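Accompanying notes for the structure given below.
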Amino acid sequence: MVEMLKGIAASDGVAVAKAYLLVQPDLSFQKVSVEDTAAEEARLDAALAESTTELQAIREKAAQSLGEEEAQVFDAHLMVLSDPEMVGQIKDQIKNSKVNAEAALKDVTDMFIGMFEAMDDNPYMQERAADIRDVAKRVLAHLLGVTLPNPSMINEEVVVVAHDLTPSDTAQLDRTYVKAFVTDIGGRTSHSAIMARSLEIPAIVGTKEITSKVKAGDILAVNGIDGDVYIDPTDAQKAEVEKIGADYAAQKAEWNKLKEAETVSADGKHVELSANIGTPKDLDGVHNNGAEGIGLYRTEFLYMDAPDFPSEDDQFNAYKTVLEGMGDKPVVVRTMDIGGDKELPYLKLPHEMNPFLGYRALRISLSELGDGMFRTQLRALLRASVHGNLRIMFPMVATLKEFRAAKAKFDEEKQKLISEGVKVSDTIQVGIMIEIPAAAVLADKFAKEVDFFSVGTNDLIQYTMAADRMNEQVSYLYQPYNPSILRLIKNVIDAAHKEGKWAGMCGEMAGDQTAIPLLLGMGLDEFSMSATSILKSRSLIKRLDTKKMAELADRALNECDTMEEVVELVNEYTK
1 MVEMLKGIAA SDGVAVAKAY LLVQPDLSFQ KVSVEDTAAE EARLDAALAE
51 STTELQAIRE KAAQSLGEEE AQVFDAHLMV LSDPEMVGQI KDQIKNSKVN
101 AEAALKDVTD MFIGMFEAMD DNPYMQERAA DIRDVAKRVL AHLLGVTLPN
151 PSMINEEVVV VAHDLTPSDT AQLDRTYVKA FVTDIGGRTS HSAIMARSLE
201 IPAIVGTKEI TSKVKAGDIL AVNGIDGDVY IDPTDAQKAE VEKIGADYAA
251 QKAEWNKLKE AETVSADGKH VELSANIGTP KDLDGVHNNG AEGIGLYRTE
301 FLYMDAPDFP SEDDQFNAYK TVLEGMGDKP VVVRTMDIGG DKELPYLKLP
351 HEMNPFLGYR ALRISLSELG DGMFRTQLRA LLRASVHGNL RIMFPMVATL
401 KEFRAAKAKF DEEKQKLISE GVKVSDTIQV GIMIEIPAAA VLADKFAKEV
451 DFFSVGTNDL IQYTMAADRM NEQVSYLYQP YNPSILRLIK NVIDAAHKEG
501 KWAGMCGEMA GDQTAIPLLL GMGLDEFSMS ATSILKSRSL IKRLDTKKMA
551 ELADRALNEC DTMEEVVELV NEYTK
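In the UniProt record's numbering, the protein residues as written are 1 to 575.
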């Protein structure tokens, strides 16, 4: 019986392939007494050997795709597996206590983990605890005969099925084999959805129940354009999804003709269409989609993809690659936006009840804990600035005092480099991301001191509506076209223009086909979006008259009471 699930279309495209379940298996077991202890030891030896073979393959793959340094974390895991002290103690436990291998493994590894974790003044020993925990989980999985998922080892065409995907899971997906992904939770602005768009992988999120409905190996037909996924589809359903894919490819070929064109409205007004990127590897997508700049370089992936803080030189090389790759086109680099749901295993942040409203982004950069990280990043950016058209943006700014403190650190590091004889560009623009309502309301004051604004709507909307954008129960409150949100955005644009500054937008709303007519009418100067949305948006803007859109925006701001009324008005003006 074919089942069809409906989710949120998060990244356009279609795919038909086998399901790969990226779901943690059940590793529960019973502690039992055994008579044949030799047989239990043999089971343990087999599980250790299988784990070793598996880790060697993972290490080799990591060295090829991520580099030798990144792969070294697996050397530590292999050392744990062959540690005679620990393996000896597990076997002694099996023999002396006459228990099954699973129970002995857990008792001994728990003891080692507790011992190392107690050394809280020794980061090296605490890392060993994490290594032992990982290895114990792998050996236990082999003892229980279940498979631990590992997205980096996928070597055939699949649709990844998961409850949710973390940014690091998504970063590991190889587009050669991963043809789409489908999740239980999430929305269009969740990190997995944003990453899917930048990787050009079709994605459906928020199906609520895909992981409970699908078994590994089931065939899935994924329609990422409409948000439909078929489990074990009929030939007719496969053909229908493939036809939708072919139509979409033909539409993309039409849009592709605009790759070299400027973004100009029907009445001749030019706006800038830029791309959001996460790593230098995303530059191909930027060029293939005709971006006129980079409006958001999310530097936190430099930190999240590394086993330790990236050095100044590592960062300098990444920024230089992007700046040189863009020539004289502007590149807006956001300083590290760590915290919230973007954690670093090597940065011990305090546990918080509500990390999205807590210690994150610029708040870490301005604190004693983050000062060194922040200054290292600023130095790397300043050194790279001579290689292109750099603009720097601070995230999560709530007060003018915060902006001034960050700008002071920037000025200090700039002077230090100049006094060391290092060349630094003197045309770097320094701006802020507007994602906190307090900054949007006070935009007229900020506009006197910053060089530009970039509105981060993903967070601005959730903070204004007091609705977590990852929470399914309140997802109805994620309303980009609500008149309250539109008024905040208009306030920011007007404040920038009054001081002769430019205003951009780097949240997902910038590439939203319903929002673009409103934003154009409000006078937004730069729209930054997933690279895959650029040509579609350019095609739309070419058909819009800015005077007519200004009238639309004015009516939406002053006559509409609800989001639904705004959408109806946009449809009336653009049909």
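In this text, a Cβ means the ideal position worked out from N, Cα and C, and glycines have one as well.
The structure displayed is predicted, hence computed values, not measured ones.
If you compare the alpha carbons of G187, R138, H191 and T211 with that of V160, the shortest gap goes to T211. I154 is positioned such that its CB atom lies no closer than 8 Å to that of F181. The Cβ atoms of T514 and V567 lie closer than 8 Å to each other.
The Cβ atoms of V271 and E526 lie closer than 8 Å to each other. Counting C-beta atoms within 10 angstroms of its own C-beta, K448 has fewer than 16 neighbours from the protein chains shown and is therefore classed as exposed. Annotated as distal: L477 and G507, with beta-carbon spacing of 8 Å or more. DSSP, read as helix, strand or coil, puts V34 in coil. With 16 or more other CB atoms across the displayed protein chains lying within 10 angstroms of its CB, R59 is buried.
Of the candidates L81, Q64 and K95, K95 places its Cα closest to the Cα of A38. With fewer than three CB-CB distances shorter than 8 Å, the region 142-158 does not count as touching the region 187-196.
At the C-beta level, N100 and E40 come within 8 Å of one another. For N96, the enclosing alpha helix (DSSP H) begins and ends at P84 to S97. In the same chain as K106, and ignoring 5 residues on each side of it, no C-beta atom comes closer than 6 Å to its own.
Here the region 233-243 makes no contact with the region 42-49; the two share fewer than three CB pairs at distances below 8 Å.
Taking C-beta atoms as the reference points, L323 and A384 count as a pair closer than 8 Å. A266 and K542 do touch by the CB rule: their CB atoms are close to 7 Å apart, below 8 Å. DSSP places K213 in the helix class (H, G or I) of the three-state scheme. For K348, there is no enclosing alpha helix (DSSP H), as DSSP marks it with neither H nor E. By DSSP's assignment, E526 forms a beta bridge with E272 and G504. In terms of Cβ geometry, D184 and K215 do not form a close pair [threshold 8 Å].
Rounded to the nearest whole angstrom, the CA to CA distance from D328 to H497 is 24 Å.
According to the DSSP secondary-structure assignment, K401 is paired through a beta bridge with no residue.
Short of 7 Å from the beta carbon of V178, and not among the five residues preceding or following it, lie these beta carbons of its own chain, in chain order: I154, V158, V160 and I201.
In the displayed model, Y481 falls within coil according to three-state DSSP, outside both helix and strand. Minimum Cα-Cα distance from V14 among the listed residues A408, A196 and L357 corresponds to A196.
When the alpha-carbon of Q64 is set against those of D174, A76, V23 and T166, the nearest one is in D174. Residue pairing by DSSP places K18 opposite V158 and I219 in a beta bridge. In the structure shown, P437 adopts helical secondary structure according to DSSP, grouped into three states. Note that the C-beta distance between V450 and V492 is not below 8 Å. Under the DSSP assignment, N389 falls in the beta strand (DSSP E) whose first and last residues are N389 to F394. Excluding five sequence positions before and after L283, the CB atoms of its chain that fall closer than 6 Å to its own CB belong to G325, given in chain order. Under the criterion of beta carbons closer than 8 Å, A440 and L518 do not qualify as touching, at roughly 16 Å. Remark: C-beta atoms of L362 and E312 do not approach each other more closely than 8 Å.
For E3, the uninterrupted beta strand (DSSP E) segment begins and ends at E3 to K6. The C-beta of L357 has fewer than 16 other C-beta atoms within 10 Å across all chains shown, which makes the residue exposed.
Within the same chain, Cβ atoms closer than 6 Å to the Cβ of T532 are found at R197 and E200, the five residues on either side in sequence being excluded.
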